[in-house]
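K.L.:
Here it is, the structure in full.
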Amino acid sequence: MSISLRPLLRLGTRIGQTLLAQDCLLCQAASGGGLLCEACARELPSNASACPRCAAPGAGNAECGACIAAPPHFDASCAAFSYAYPVDALIQALKYGGQLALAGLFAQALQRRIGGAGGVDLIVPLPLHPARLAERGFNQAAEIAKALSRLCGIAMDAHLAQRVRNTAAQTELPWRERAANMRHAFACARGLAGLRIAVVDDVMTTGATLDEFARTLKQSGAARVENWVVARTARGV
Ligand SMILES: [Zn+2]
Ligand SMILES: [Zn+2]
Numbered sequence: 061m062s063i064s065l066r067p068l069l070r071l072g073t074r075i076g077q078t079l080l081a082q083d084c085l086l087c088q089a090a091s092g093g094g095l096l097c098e099a100c101a102r103e104l105p106s107n108a109s110a111c112p113r114c115a116a117p118g119a120g121n122a123e124c125g126a127c128i129a130a131p132p133h134f135d136a137s138c139a140a141f142s143y144a145y146p147v148d149a150l151i152q153a154l155k156y157g158g159q160l161a162l163a164g165l166f167a168q169a170l171q172r173r174i175g176g177a178g179g180v181d182l183i184v185p186l187p188l189h190p191a192r193l194a195e196r197g198f199n200q201a202a203e204i205a206k207a208l209s210r211l212c213g214i215a216m217d218a219h220l221a222q223r224v225r226n227t228a229a230q231t232e233l234p235w236r237e238r239a240a241n242m243r244h245a246f247a248c249a250r251g252l253a254g255l256r257i258a259v260v261d262d263v264m265t266t267g268a269t270l271d272e273f274a275r276t277l278k279q280s281g282a283a284r285v286e287n288w289v290v291a292r293t294a295r296g297v
């Protein structure tokens, strides 16, 4: 899953150039002012046939074995794409290349995947620890959530919860240690009695971070928590 930085920086530069030219940022064909041309947008890897609870691919739209064996704290998950090329490179370009226009493109894709989005009262981006936020300058999840909130007409609260522990990056840890690493990583600032919340993030990997966040929200009274993520990795990645 790790992607070397050099091609990403090149992609970042190319995205910067193509944004000015209003061409597709993947193939440089005319895109009619959009970030991607129709052909490239159509070919983005979908995450269809996934587990409705954790969005793990290949579950044939039925709840997967892992969710049945150990139900997570969240109630549902929806991923616009699977984490494969070129979605992986686009996400990295948003996160590390600061290409914020991509947040709008991801929000549109998520809105299409979610459909009516009925049954959600509040959109909440997965919080970034203040130290990471200072380092990066923005929270990519908050950028996507902001665009999605505008598109869906659902309120967003980016300050409802905080990341109180600057946990080791999940990707640096063995699979089985990821849940323990996340324990008590979040704190919720207010009561959420009866609220149905959609948590927005860029990539869902093991789901350990989102599970701990859902646990925190439910402890504060949330009635339902679902995850809206841009991309879902396959298990074991
Ligand atoms: Zn294209
Ligand atoms: Zn599942």
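The opening position of the sequence shown corresponds to residue 61 in this note's numbering, with each subsequent residue numbered one higher.
C-beta: ideal position from N, C-alpha, C; glycine also.
Flag F134 as yes if its beta-carbon sits less than 8 Å from any beta-carbon of chain D, otherwise no.
P.N.:
Here there is only one protein chain, and chain D is not present.
K.L.:
Please classify G254 as buried or exposed, where buried requires at least 16 neighbouring CB atoms within 10 angstroms.
P.N.:
Counting from 1 along the sequence shown, the entry for residue 254 is found at position 194. Looking at its Cβ environment, which holds fewer than 16 other Cβ atoms inside 10 Å, G254 is exposed.
K.L.:
Got a sec, what are the start and stop residues for the beta strand (DSSP E) C138 sits in?
P.N.:
Taking the first residue of the sequence shown as position 1, residue 138 is located at position 78. Unbroken beta strand (DSSP E) run through C138: A136 to S142.
K.L.:
If we ignore side chains and look at the alpha-carbon of each, how far apart do R196 and Y156 end up?
P.N.:
Residue mapping note: residue 196 aligns to position 136 of the sequence shown, counting from 1. Residue mapping note: residue 156 aligns to position 96 of the sequence shown, counting from 1. Cα to Cα, the separation comes out at about 8 Å.
K.L.:
In chain order, which continuous runs of the beta strand (DSSP E) of length 3 or greater are located wholly inside the segment 186-263?
P.N.:
Segments of the beta strand (DSSP E) lying fully in the segment 186-263: 221-223 and 246-248.
K.L.:
Can you give the Cα-Cα distance for F273 and N121, rounded to whole angstroms?
P.N.:
Stepping through the sequence shown from its first residue, residue 273 is reached at position 213. Stepping through the sequence shown from its first residue, residue 121 is reached at position 61. Taking the straight line from one Cα to the other gives about 24 Å.
K.L.:
Please find out if some non-hydrogen atom of ligand 2 comes closer than 7 Å to the beta-carbon of C212.
P.N.:
Taking the sequence shown and counting its residues from 1, one reaches residue 212 at position 152. Outside the cutoff, so no.
K.L.:
Less than 6 Å between C-beta atoms, sequence neighbours within five positions excluded: which residues of the same chain meet that for V224?
P.N.:
Here residue 224 corresponds to residue number 164 of the sequence shown, with the count starting at 1. Cβ within range, chain order: A247.
K.L.:
So within the segment 106-185, which uninterrupted beta strand (DSSP E) runs reach at least 3 residues, ignoring any that extend past its ends?
P.N.:
Counting only runs of 3 or more, we get 136-142 and 182-185.
K.L.:
Under three-state DSSP, which class holds E103?
P.N.:
Here residue 103 refers to the residue found at position 43 of the sequence shown. In this structure, E103 counts as coil in the three-state DSSP scheme.
K.L.:
Would R102 be called buried (16 or more neighbouring beta carbons within 10 Å of its own) or exposed?
P.N.:
By one-based count along the sequence shown, residue 102 stands at place 42. It is exposed - the Cβ of R102 has fewer than 16 other Cβ atoms within 10 Å.
K.L.:
Consult DSSP for A294 and reduce its assignment to one of helix, strand or coil.
P.N.:
Position 234 of the sequence shown, counting from 1, holds the residue named residue 294. If DSSP states are grouped into helix, strand and coil, A294 belongs with coil.
K.L.:
Tell me the DSSP secondary structure of A90 in three-state form.
P.N.:
Working through the sequence shown from its first residue, we reach residue 90 at position 30. Correct three-state label for A90: strand.
K.L.:
Should P234 be labelled buried (16 or more other beta-carbon atoms within 10 Å of its own) or exposed?
P.N.:
If you number the sequence shown from 1, residue 234 lands on position 174. Exposed: under 16 other Cβ atoms inside 10 Å.
K.L.:
In terms of residue numbering, what span does the alpha helix (DSSP H) encompassing A274 cover?
P.N.:
Position 214 of the sequence shown, counting from 1, holds the residue named residue 274. A268 to Q279 is the span of the alpha helix (DSSP H), which, as asked, contains A274.
K.L.:
Please classify R172: is it buried, with 16 or more other beta-carbons within 10 angstroms of its beta-carbon, or exposed?
P.N.:
As a working note, residue 172 is residue 112 in the sequence shown. When all chains shown are included, R172 counts as exposed.
K.L.:
From R192 to A291, what does the alpha carbon distance come to, in whole angstroms?
P.N.:
Position 132 of the sequence shown holds residue 192. Position 231 of the sequence shown holds residue 291. Each residue's alpha carbon lies about 21 Å from the other.
K.L.:
Exposed or buried, what is Q200 when buried is set at 16 or more other beta-carbons lying within 10 Å of its beta-carbon?
P.N.:
Here residue 200 refers to the residue found at position 140 when the sequence shown is read from its first residue. Counting Cβ neighbours within 10 Å, Q200 comes out buried, since at least 16 surround it.
K.L.:
In terms of alpha-carbon separation, which member of D148, R256 and E123 lies closest to A140?
P.N.:
On the sequence shown, residue 140 is found 80 positions in, with the first residue counted as 1. For the residues D148, R256 and E123, the minimum Cα distance to A140 belongs to D148.
K.L.:
If W288 and I174 are in contact, beta carbons under 8 Å, what's the gap, nearest whole angstrom?
P.N.:
Counting from 1 along the sequence shown, the entry for residue 288 is found at position 228. Counting from 1 along the sequence shown, the entry for residue 174 is found at position 114. With 8 Å as the limit, W288 and I174 qualify as a contact, their Cβ atoms being about 6 Å apart.
K.L.:
Suppose the cutoff is 6 Å on Cβ atoms and the five residues either side in sequence are ignored; what does the same chain contact list for H189 look like?
P.N.:
In the sequence shown, counting from the first residue as 1, residue 189 sits at position 129. Correct list, in chain order: R223 and N226.
K.L.:
Leaving out the 5 sequence neighbours to the left and right, which residues in its chain are closer than 6 Å to T276 when beta-carbon positions are compared?
P.N.:
Residue mapping note: residue 276 aligns to position 216 of the sequence shown, counting from 1. The residues are F246 and C248.
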